[in-house]
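Below: the structure, in structure tokens.
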Amino acid sequence: MSFAKAQDLIRLARLAATRRTGIGLDEICEEFGVSHRTAQRMTDALASDGYGLTENMEEADLVLLNTCHIREKAAEKVYSELGRIRKLKEERAVDGHELLIGVTGCVAQAEGREILRRAPAVDLVVGSQTYHRLPSVVQRARAGEKIVETDYAVEDKFEHLPQPARSVVRHRGVTAFLTVQEGCDKFCTFCVVPYTRGSEISRPVSQIVAEAERLAEAGVREVTLLGQNVNAWHGEGPSGKEWGLGELLFRLAEIPGLARLRYTTSHPRDMSDALIRAHRDLPQLMPYLHLPVQAGSDRILKAMNRKHTAEDYLRLIERIREARPDIALSGDFIVGFPGETDEDFDDTMRLIREVNYAQAFSFKYSPRPGTPGAGMSNHVAETVKDERLQELQALLTEQQRAFARSLVGTEMDVLVEKPGREAGQIVGRSPWLQPVVIDAELGDIGDIIRVRIGNAGSNSLFAESMNPHIPMREGLV
Ligand code: SAM
Ligand code: SF4
304 MSFAKAQDLI RLARLAATRR TGIGLDEICE EFGVSHRTAQ RMTDALASDG
354 YGLTENMEEA DLVLLNTCHI REKAAEKVYS ELGRIRKLKE ERAVDGHELL
404 IGVTGCVAQA EGREILRRAP AVDLVVGSQT YHRLPSVVQR ARAGEKIVET
454 DYAVEDKFEH LPQPARSVVR HRGVTAFLTV QEGCDKFCTF CVVPYTRGSE
504 ISRPVSQIVA EAERLAEAGV REVTLLGQNV NAWHGEGPSG KEWGLGELLF
554 RLAEIPGLAR LRYTTSHPRD MSDALIRAHR DLPQLMPYLH LPVQAGSDRI
604 LKAMNRKHTA EDYLRLIERI REARPDIALS GDFIVGFPGE TDEDFDDTMR
654 LIREVNYAQA FSFKYSPRPG TPGAGMSNHV AETVKDERLQ ELQALLTEQQ
704 RAFARSLVGT EMDVLVEKPG REAGQIVGRS PWLQPVVIDA ELGDIGDIIR
754 VRIGNAGSNS LFAESMNPHI PMREGLV
């Protein structure tokens, strides 16, 4: 994966839906990494009303602009995009066709009714907490009502999310995301999530297990549990005992057919003993952990309200590595948080050297409206942020390449996900999430095959083609 994401945090989504054929899904913007899942959720929610994805916005009956509130100018970008879609709506009206326009996601949550005032062509505004209400909102909008739905849902929004049909799951492939938790109560001073996504909500065990079983029955082999603060997930186990994510993973590992489990994104404060035990004892739990630290200076960590020190983080990594020695670490870093000095930045570089990451995302600090960080006085100059980001990314890239190189000559199990770009190739994932290119004759999509790595490219690994196909036992990788 690249670090380029850091520069480009705002992307707008166009989820265009037609009642005749299918919905067109362009780029979708979301908080890092869960974007596709949100699009899927909306698609699933609208499917029962006859909406499907269409590749072509021109034929859409409904265009949803899914938005991200990640930078100050996000709302302005949304308004200019709405101007373009309004023109399309007017052209369609001349032909006697209706085109509904909706704004969803974080900008919808933050701007609410203001969107209808500034862009009267918009029919519906649905906040990030209320996607499950989309079908009823769309129905009311079709009857001519203008709707703003941004109240945090008090009802169980997970319960109301329609499940995709088996054929749809199969079509999406052998890996799937499963949302187990939403929202965040941590209030890091740079982050907008607690304001736009609301407070932490955990999905009940029974729902999670049922959805995981359904996915496995439909042929999914790998499930990634999702949450803004996924390891803060907690719920009541079947015997009434309080469970954390560790206990939940032990339960999910019992589901036949689910060969691989992952979870993201975690907070260092919520790595419980049971979760570390799960890494030690569950072969299904992949040896890869995204555990953002953000900075290596205690002064900055305190100003960020991260509630842990650099030393706490390093000791935690030590314990996790003791439990699962082959685990690879990934992280998030912010450079240029208000008040960050050269010494603070050096502390971050030192921490990176000590941990040695296999993968990472890094960002220049950008003030998010309404967060305490935005109101701090000692902002760092952009030029300094640029220099620090470059230096930090050079180190992380070097570590990522060294990790990939260290795998050359080793054997590993790869879950085959899709055909390769070239004829005769298939592509799978290593336990550490790297794409692995393999000879097509060695396996089929959904197989877990053991290969020896012959070469490491900048983003992918290449398997030697000498290995026999070894179909793996269910549940073991
Ligand atoms: N919950 C996760 C955690 O605690 O680390 C991360 C969620 S956040 C949406 C994803 C990443 O975006 C963060 O880890 C942080 O590195 C980055 N990020 C969030 N707010 C930022 C800001 N104001 N400026 C730059 N990067 C930011
Ligand atoms: Fe944002 Fe911090 Fe919550 Fe992560 S833990 S979502 S960075 S407030």
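Under my numbering, think of the first position of the sequence shown as 304, with each following residue one higher.
Note that the Cβ used here is the ideal one computed from N, Cα and C, for glycine as well.
Short Cβ contact (7 Å threshold) for residue i with residue j
i    : j    : result
A411 : V429 : yes
I630 : F666 : no
I404 : I418 : no
C409 : S383 : no
I729 : P722 : yes
L718 : I751 : yes
G538 : P507 : yes
A598 : I558 : no
L349 : L427 : no
E720 : V512 : no
C491 : N681 : no
S509 : W536 : no
R755 : E767 : yes
R554 : M589 : no
L528 : L592 : no
F664 : R691 : no
P571 : H611 : yes
A626 : R583 : yes
A577 : E550 : yes
A707 : G727 : no
Y668 : G639 : yes
Y498 : G673 : yes
L619 : M574 : yes
Alpha-carbon spacing of residue i relative to residue j, whole angstroms
i    : j    : result
L654 : V440 : 48 Å
D601 : Y660 : 20 Å
Y434 : R500 : 12 Å
E525 : A479 : 6 Å
P595 : E393 : 46 Å
R416 : D352 : 26 Å
N762 : Q693 : 19 Å
G642 : K688 : 12 Å
I579 : T453 : 37 Å
L699 : E657 : 12 Å
T346 : L356 : 7 Å
G746 : A521 : 19 Å
L391 : E361 : 8 Å
G760 : L481 : 30 Å
G540 : L552 : 12 Å
E401 : C487 : 38 Å
R732 : I623 : 22 Å
Y354 : V425 : 19 Å
A413 : V740 : 43 Å
A861 : E485 : Because the chain here runs from 304 to 780, residue 861 falls outside it and cannot be looked at.
R517 : K544 : 25 Å
R421 : V381 : 11 Å
E614 : E621 : 10 Å
Spatially closest choice to residue i from the options, by CA coordinates
i    : options                : result
S709 : L764, D488, M607       : L764
N369 : E362, E361, A378       : A378
G757 : L698, R704, T713       : T713
D645 : R420, A424, V683       : V683
N532 : T567, R421, V523       : T567
Q587 : L481, G634, N359, D716 : D716
P423 : Y668, L385, G355       : L385
D364 : T674, D398, R344, G746 : D398
W735 : Q703, G522, L367, E503 : Q703
I603 : R724, M679, K390, E701 : M679
V523 : G560, K489, R732       : G560
Q696 : H400, T686, D635, S733 : D635
S569 : R724, A613, K489, A396 : K489
A493 : A444, A606, R420, E448 : One point to set straight first is that residue 493 is Phe, not Ala, in the sequence displayed. For the residues A444, A606, R420, E448, the minimum Cα distance to F493 belongs to A606.
Paired residues, beta bridge with residue i - DSSP
i    : result
S633 : H593, Q662
T478 : E525
M715 : V754
R443 : According to DSSP, which records beta bridges pairwise, R443 is partnered with nothing at all.
H537 : G547
G505 : Before going on, a small fix: residue 505 reads as Ser here, not Gly. For S505, which the question treats as bridged, DSSP gives the partners Q484.
A759 : L764
V451 : V428
R420 : DSSP lists no partner for R420.
G731 : V719, V739
I404 : V366
- Query: Near the ligand SAM, which residues have their beta-carbon less than 7 Å from any of its heavy atoms, given in chain order?
  - Reply: E334, F335, C487, K489, C491, F493, C494, V495, V496, Q531, N532, T568, H570, P595, Q597, D635, F636, I637, F664, F666, K667, Y668, S669, P670, R671, T674, G676
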